[in-house]
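Engineer: Starting off with a structure, shown below.
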Amino acid sequence: MHVAEHGSVMNVTVQRGSADTPTRTETFDVPAYDNQTVLDVVSWIQQNADPTLTYRFACRVGMCGSCAMMVNGVPRWTCRTHVSKVLDGNKINIAPLRNLPVIKDLAADMDPFFDKWVAAEGKHHPTRTREEEIAPVDPQAEERQAASAGIECINCSICYSACDTVTGNPDYLGPAALQRAWTLYNDAKDADRDAILDAVSGKGGCHNCHSMGSCTAYCPNELDPLSAIAGLKRATTRRFFGRRG
Amino acid sequence: MKVARAHPLWLAYILHRVSGIALALFLPLHFWVLSLALTDAARLDSFLTLTEMPLVKLAEFGLVFLLAVHLFGGLRLLAMEWLPWTAPQKTWAAAAVAGSLFVSGTFFLQAI
């Protein structure tokens, strides 16, 4: 691990440009500090070198999922990535998230990502009305455990940017949306599992997945969309052969 | 920007794909050579003398490697997609396959 020396300067390459202007890279010399995150570096550039640099962040503590960018070719939460962990010599390369349109500079357009979340039927289908008693849920039940394994997703789109299948097939729903569908499929309170399986077994559905595993490898919350998608493949196959289990 | 992909699952994926393509290119040639046993035995014999060359022996090693890696890549995929195992179970399964391969491979080496 390389820790930047006090008073040293990093060489930071940043992708610039928007849908209307050609993409280019610009390089900045950024002073190195102790305990500096990649988000600190981007903020330093915007505050001290070029106020026109566009990027997105909110919470700074890895809860909101809005600051994800490509750092040296790897999609990461920039707020939770220490410079010392990713510094390549004294260089860092920062670009907007892959597989999404760019709004400007480092801000990716998340619309396709959220549209697919909806297309994968990632919404609750209630079994009861609000007038009825709340149904008890057994936290130890096998299905509940499968659902609980995937519900900590904060929609940062890192898995979506890591996935080469998304790159190759713009219709593919992607790991986050499919994992969301899998958690709902395993939710005892969800009333329409057939609708979920219909949504995930179409043209851009779970069967497009080539099991490359980049989603699971790069998820900052250590979730496992790869296994969730495998679960959907099993569920759709069981349904095809007329069984539900 | 160069995209980083060097993690075990992605490497397993690409090895499986590349070995599949290589085998698909090799097998027609392989069957054609085998067919010479029926159509032109003399030509087959002269071809088979090539297998004495060290380079060809090395290539044969590569072929067996491609077959093995494609076979186990396929078993890996089948297990991953059809068996909802936990990570420790998968580790034990891999260890069991590796162990049994080692034992049967040693037996095979003794036998030939």
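Residue numbers (the numbering used here), protein chains in the order written: chain L, 1 to 245; chain G, 246 to 357. Using N, Cα and C, we set each Cβ at its ideal position, and we do this for glycine too. Computed from a prediction, not measured in an experiment: that's the story for all the values here.
Quick one, which of ALA181(L), ARG56(L), HIS125(L), PHE28(L) has its alpha-carbon nearest VAL102(L)'s?
Structural biologist: VAL102(L) has its Cα closest to that of ARG56(L), out of ALA181(L), ARG56(L), HIS125(L), PHE28(L).
Engineer: At the 9 Å Cβ level, is VAL74(L) part of the contact set with chain G, yes or no?
Structural biologist: Yes - at least one Cβ of chain G is within 9 Å of the one on VAL74(L).
Engineer: With distance defined between alpha-carbon atoms, name the residue in GLY204(L), ALA135(L), PHE113(L), ALA58(L) nearest to ALA162(L).
Structural biologist: The residue with the shortest Cα to Cα distance from ALA162(L) is PHE113(L).
Engineer: Here's the rule: buried if 16 or more other CB atoms are within 10 angstroms of the residue's CB, otherwise exposed. What is PHE306(G)?
Structural biologist: By the 10 Å Cβ count, PHE306(G) comes out exposed.
Engineer: Mind listing the chain G neighbours of MET212(L)? Cutoff is C-beta to C-beta under 7 Å, in chain order.
Structural biologist: Chain G residues near MET212(L): LEU254, TRP255, TYR258.
Engineer: What residue range does the alpha helix (DSSP H) around PHE28(L) cover?
Structural biologist: Premise fails: PHE28(L) lies in the beta strand (DSSP E), 24 to 31, not in any alpha helix (DSSP H).
Engineer: At a cut-off of 8 Å, is VAL248(G) close to the ligand HEM when judged by its beta-carbon and the heavy atoms of the ligand?
Structural biologist: The ligand HEM is absent from the structure shown, which contains no ligands of any kind.
Engineer: Sorted by chain position, which residues of the same chain lie with C-beta nearer than 7 Å to VAL71(L)'s C-beta, five sequence neighbours on each side aside?
Structural biologist: Cβ within range, chain order: VAL38, THR78, THR81, VAL86, ILE92, ILE94.
Engineer: For ASN11(L), name the three-state secondary structure that DSSP assigns.
Structural biologist: In the structure shown, ASN11(L) sits in a strand (DSSP, three-state: E or B).
Engineer: Could you tell me how far apart the beta carbons of GLY65(L) and CYS156(L) are, in whole angstroms, since I believe they sit closer than 8 Å?
Structural biologist: Between CYS156(L) and GLY65(L) the Cβ distance is about 3 Å, and since that is below 8 Å, they are a contact.
Engineer: By DSSP, does ALA199(L) sit in helix, in strand, or in coil?
Structural biologist: Three-state DSSP puts ALA199(L) in a helix.
Engineer: What are the start and end residues of each continuous beta strand (DSSP E) run of 3 or more residues lying completely inside the region 37 to 77 of chain L, in chain order?
Structural biologist: Listed in chain order, the complete beta strand (DSSP E) runs (minimum 3 residues) inside the region 37 to 77 of chain L are 68 to 71, 74 to 77.
Engineer: Give a yes or no on whether the C-beta atoms belonging to ASP171(L) and GLY150(L) are separated by under 9 Å.
Structural biologist: Their beta carbons are not under 9 Å apart, which means ASP171(L) does not touch GLY150(L) by this criterion.
Engineer: By the 10 Å Cβ neighbour count, where 16 or more other Cβ atoms means buried, how is GLY7(L) classified, buried or exposed?
Structural biologist: The residue is exposed, with fewer than 16 neighbouring Cβ atoms inside 10 Å.
Engineer: Which first and last residues belong to the alpha helix (DSSP H) in which LYS335(G) is found?
Structural biologist: Run containing LYS335(G): 332 to 356, per the alpha helix (DSSP H) assignment.
Engineer: So for ILE94(L), helix, strand or coil by DSSP?
Structural biologist: Note: ILE94(L) maps to strand in three-state DSSP.
Engineer: CB-CB under 7 Å to ALA19(L), same chain, minus the five flanking residues each way: which ones, in chain order?
Structural biologist: Cβ within range, chain order: PRO101, VAL102.
Engineer: Taking 9 Å as the CB-CB cut-off, is ASP187(L) touching chain G?
Structural biologist: Taking Cβ atoms only, chain G never reaches closer than 9 Å to ASP187(L), which makes this a no.
Engineer: Residues of chain G with a CB under 7 Å from the CB of ALA230(L): which are they?
Structural biologist: Neighbours of ALA230(L) on chain G, chain order: MET325, GLU326.
Engineer: Along the chain, where does the alpha helix (DSSP H) that runs through LYS233(L) open and close?
Structural biologist: 225 to 240 is the extent of the alpha helix (DSSP H) around LYS233(L).
Engineer: Hey, VAL314(G) and SER264(G) are a contact pair by Cβ (cut 8 Å); roughly how many whole angstroms apart?
Structural biologist: Right, the Cβ-Cβ distance comes to about 5 Å (below 8 Å), so this counts as a contact.
Engineer: Return the CA-CA distance between ASN221(L) and CYS67(L), expressed in angstroms with no decimal places.
Structural biologist: Those two C-alpha atoms are separated by around 14 Å.
Engineer: Closer than 6 Å by C-beta to ALA199(L): which residues in its own chain qualify, once you throw out the five before and the five after it? Chain order, please.
Structural biologist: Contacts found: ALA120, GLU121.
Engineer: Using Cβ-Cβ distances below 7 Å, what residues of the region 90 to 114 of chain L are close to chain G?
Structural biologist: Answer set for the region 90 to 114 of chain L: ASN93, ALA95, ARG98.
Engineer: Listing by chain order, which chain L residues have their CB less than 7 Å from the CB of LEU322(G)?
Structural biologist: Under the 7 Å cutoff, chain L gives SER211.
Engineer: Could you tell me if SER280(G) is buried or exposed, where buried requires 16 or more neighbouring beta carbons within 10 angstroms of its beta carbon?
Structural biologist: It is exposed - the Cβ of SER280(G) has fewer than 16 other Cβ atoms within 10 Å.
Engineer: Is HIS2(L) buried or exposed, if buried means 16 or more other CB atoms sit within 10 Å of its CB?
Structural biologist: Residue confidence is low: HIS2(L) scores 49 on pLDDT, short of 50, so the model does not pin down where it sits. No coordinate-derived value is stated.
Engineer: Which partner residues of ARG128(L) appear in the DSSP bridge assignment?
Structural biologist: DSSP, once it has assigned bridges, lists no residue as partnering ARG128(L).
Engineer: Going straight from the alpha carbon of LEU268(G) to that of LEU308(G), what length do you get?
Structural biologist: Whole-angstrom Cα-Cα distance: 8 Å.
Engineer: Are the C-beta atoms of THR216(L) and some chain G residue less than 9 Å apart?
Structural biologist: True, the Cβ-Cβ gap to chain G drops below 9 Å.
Engineer: If distances are taken between C-alpha atoms only, which option among LEU256(G), MET298(G), LYS247(G) comes closest to SER211(L)?
Structural biologist: The option with the nearest alpha carbon to SER211(L) is LEU256(G).
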